[in-house]
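In the numbering used here, the protein residues as written are 523 to 802.
We put the beta carbon where it would ideally sit given N, CA and C, even for glycine.
Report on the structure given below.
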Ligand code: MF3
Ligand code: CO
């Protein structure tokens, strides 16, 4: 039995034949290693369950006045209590267990004892879990105290962008269809889509192929095939889409114009007839 060639429901010949046809037509198709076996899917689902329970736990416990380091401690304790590992910890030198990104921080905010959640903040908490070797990834926005209508709307429209992206991610369509739909919704609402960071394959490794861009053109990009697991995690800016990378800490990404940014992330499994939301 060759695990890498097993497809989710055993339709390996059917999927294999279709892949051949699309390849002949010139489509970019995923490597067979990106099509998960039933065993891998079970492992990724178990990891995703812990990741979602962690976000639920944070939803109950995040508070105005708390430092971002306290969020990091909660993530570390909850994850290890569930016999899992926070995937960010020491990932490419990242020093903490979670990313906490407030207001004009687009992503990869590093928890610390000097930054406190204050009323009016919009906060992205991005958690990723390794359980029995399988990876899961998701993020949510939290609104602290009294949040202005402008900021609230950014958070809500960004969630809609993520949800539209998930709905568009159908088998035998293309990644460009996902990106284009997200971009249209963001821009129709007066916002912009960050270009320099994207979603990604996730499950057997933390970050694997394909890159999942949140902008683009329909009928372009890699074919979406049953068995793929990847994230959709649009970062939507109130102002321009330009970002700057912090050279001192090597991680934090800010909006260039100082205006706020929001992000929601889900990980999905592409199935024969749609998709399954693994994390949200
Ligand atoms: N969780 C982030 C993502 O959605 C990645 C964070 S990498 C880290 O892909 F090392 F900064 F944690
Ligand atoms: Co991700």
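Ranked by how close their Cα comes to the Cα of residue 738, the residues 791, 716, 711 have 716 in first place.
The C-alpha of residue 556 is placed about 8 Å away from the C-alpha of residue 751.
The region 727 to 743 and the region 754 to 761 touch, with three or more beta-carbon pairs separated by less than 8 Å. Going by DSSP, residue 784 is part of the beta strand (DSSP E) stretching over 783 to 785. In the same chain as residue 541, and ignoring 5 residues on each side of it, the C-beta atoms closer than 6 Å to its own belong to 551, in chain order.
Bridge partners of residue 659 according to DSSP: 650.
With a minimum length of 3 residues, the unbroken runs of beta strand (DSSP E) contained wholly in the region 731 to 781 fall at 751 to 754, 757 to 759, 765 to 767, 775 to 777.
The shortest CA-to-CA distance from residue 691 to any of 646, 740, 712, 539 is the one to 740. DSSP places residue 588 in the coil class of the three-state scheme, outside both helix and strand. Straight across, the Cα-Cα distance linking residue 784 with residue 668 is about 17 Å. Taken through DSSP and simplified to helix, strand or coil, residue 672 comes out as helix. Classified as exposed, residue 543 has fewer than 16 neighbouring CB atoms from the shown chains inside 10 Å of its CB. Rounded to whole angstroms, the separation of the alpha carbons of residue 535 and residue 600 is 42 Å.
It is roughly 43 Å from the alpha-carbon of residue 589 to the alpha-carbon of residue 695. For the pair of segments examined, the region 649 to 658 was found not to touch the region 667 to 686: the number of CB pairs separated by less than 8 Å stays below three.
The count of Cβ pairs closer than 8 Å, one atom from the region 774 to 782 and one from the region 620 to 630, reaches three, so the stretches are in contact. Rounded to whole angstroms, the separation of the alpha carbons of residue 592 and residue 635 is 8 Å. Distance from the Cα of residue 714 is smallest, within the candidate group 595, 702, 725, for 702.
If you check the CB distance, residue 581 and residue 657 do not come in under 8 Å.
Contact between residue 659 and residue 789 holds: CB atoms are separated by about 5 Å, below the 8 Å threshold. For residue 798, the enclosing beta strand (DSSP E) stretches over residues 796 to 801. Distances between the C-beta of residue 729 and the heavy atoms of the ligand MF3 include at least one below 7 Å. Beta-bridge partners of residue 696 (DSSP): 745. In this structure, residue 767 sits away from residue 609, with a CB-CB distance that is not shorter than 8 Å.
Counting of Cβ neighbours within 10 angstroms places residue 801 among the buried residues, the total reaching 16 or more.
Taking the CA atoms as reference points, residue 575 sits about 43 Å from residue 547. For residue 697, the number of other beta carbons within 10 angstroms of its own is at least 16, and it is reported as buried.
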